[in-house]
Structure formats: structure tokens, C-alpha cells
Amino acid sequence: INAGVVMEDEPFVVDAANSIDDLRSWMAANSGKCNSRFLVVADRDENFAGYLPVETLYSGSEKADSPVGVALYDKAPFVTEDVPVNRVCEIMGDAGLDCIAVVSKPGNKVTGIINAADIIKTYSHLHLQDNAYQTSISIPRRTLKLIVRGRTLVQFIRDKTENN
């Protein structure tokens, strides 16, 4: 599975030119929109610029009228849509991020975001699908017995001597 399958197609991206105070006001009014510790920041052309830790908005370390772009996190990895999800997890873990920007290959336009919840949801769904196929079902019938193992249906015909 690649990043393009897991990513959110309509990402919440912050413009680097917004002020810290404007973003604080927006976050207060839309508290349910962001469930991550980091916000993805892009320039006016939607090119990836970095990550803004949410705690920075409320820490008071930056002036309220400062643009968001001055308070970016020191690590700014990103991935493209063709990167395998297991590699995305490694990159996020190494950088200490709970979300990561997915950018287009020709350029750095933000096309989506992957957060930890998206990855867990995807792997959970795959695990459930895989376990559904692992269930063994034995259905005795008059003349045959069906056994489902994995993704293969095996059919056994009972020996006539068993019935006698």
C-alpha cells in the first residue's frame, strides 16, 4: 500500500503568510478540524513549506502578528504518493511527527496529508480482511465436506465406505 491510498485528499493546510494570531482565532473557532500536534504549512502557491507545532501557537514564544512561516518545526520531511506506507511510518517516527505532507512529484505542491490515525485505520482494515480469510469453516453435508482455508476453497468428497 502506498501513501496515495492512505492520504486525506482534502488536506488542512495553513498559509505561511497568515499571522500567528489569525491562526489562533481560526483554531479556536474550528477546534474539531485539526487533531494533530502539527499543522502542514504551504506558501500561497501550495508548495510545501514545513510544519507548525500547535503548541507554538499558544506558547507565547512568537509575536501574535508574526507570520506562521517564522515558527516552523526544524524537521520538514515529506513523501510522494508512491512511497510505501511502512516507509511513511519510519519517516514520521524518525522526525517525531504525527502527520506528514504528501507532495506532488513535479514540484512540491501539497496533494494530501497522512496522519497516524489514517495509517492505523488502514492497517486495521487490512488486518480484518486478512483474518476473515483465515477463518476455517467446516460444513458437513450428505456427500461432501467443504473446508475454507485462507483464500482457497477445498472440496472433499466423502468416501462411500464412511457412510456404511
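For the sequence shown, the numbering used here assigns the number 19 to the initial residue and increments by one for each residue that follows. C-beta: ideal position from N, C-alpha, C; glycine also. This structure is a prediction, so every number in the text was calculated from the model and none was measured.
Legend entry - Contained alpha helix (DSSP H) runs [length at least 4] in the segment 53-109, N- to C-terminal order: Entirely contained in the segment 53-109, the alpha helix (DSSP H) runs reaching 4 residues are, in chain order, 72-77.
Legend entry - Residues sharing a beta bridge with S37, DSSP: According to DSSP, S37 bridges with P85.
Legend entry - Contact under 8 Å by Cβ, A134 with D112: No, the Cβ-Cβ distance between A134 and D112 is not below 8 Å.
Legend entry - CA-to-CA distance, L57 to P71, given in whole angstroms: For P71 and L57, the distance between alpha carbons rounds to 6 Å.
Inset, instruction - Alpha carbon to alpha carbon, how far is S79 from N36? Give it in angstroms, no decimals. - result: Near 17 Å, if we compare the C-alpha coordinates of S79 and N36.
Inset, instruction - Name the one or two DSSP bridge partners that K123 has. - result: Looking at the DSSP assignment, K123 forms no beta bridge with any residue, so it has no partner.
Inset, instruction - For V31, write down the residues that DSSP places opposite it in a beta bridge. - result: Answer is V58.
Legend entry - Span of the beta strand (DSSP E) around G130: G130 -> beta strand (DSSP E) spans V128 to N133.
Inset, instruction - For the segment 26-45 and the segment 75-93, state whether three or more C-beta atom pairs, one from each stretch, are separated by less than 8 Å. - result: These segments touch.
Legend entry - Between the CA atoms of H143 and T161 - distance to the nearest angstrom: In this prediction, T161 scores a pLDDT of 46, lower than 50, which makes its location untrustworthy; no coordinate-derived value is stated.
Inset, instruction - Using the Cα positions of F30 and A67, report the straight-line distance between them to the nearest angstrom. - result: If I take the Cα positions, the gap works out to 14 Å.
Legend entry - Three-state secondary structure (DSSP) of I138: Helix at I138.
Legend entry - Status (buried if at least 16 other CB within 10 Å, exposed otherwise) for A46: By the neighbour-count criterion, in which a residue is buried when 16 or more other Cβ atoms sit within 10 angstroms of its Cβ, A46 is exposed.
Inset, instruction - Would you kindly report the start and end of the unbroken alpha helix (DSSP H) that includes G114? - result: Bounds of any alpha helix (DSSP H) do not take in G114, whose DSSP letter is neither H nor E.
Legend entry - V86 beta carbon near the ligand FMN (any heavy atom closer than 7 Å): Judged by which ligands are present, the structure shown has none, so any question about the ligand FMN falls away.
Inset, instruction - Within the same chain, show all residues whose beta-carbon is closer than 8 Å to that of N20, passing over the 5 residues directly before and after it, in chain order. - result: Its chain contains E99, D100, V101, P102 and V103 as the residues whose beta carbon lies nearer than 8 Å to that of N20, once the 5 sequence neighbours on both sides are disregarded; these appear in chain order.
Legend entry - Straight-line gap, V59 to C52 (C-alpha atoms, nearest Å): Whole-angstrom Cα-Cα distance: 13 Å.
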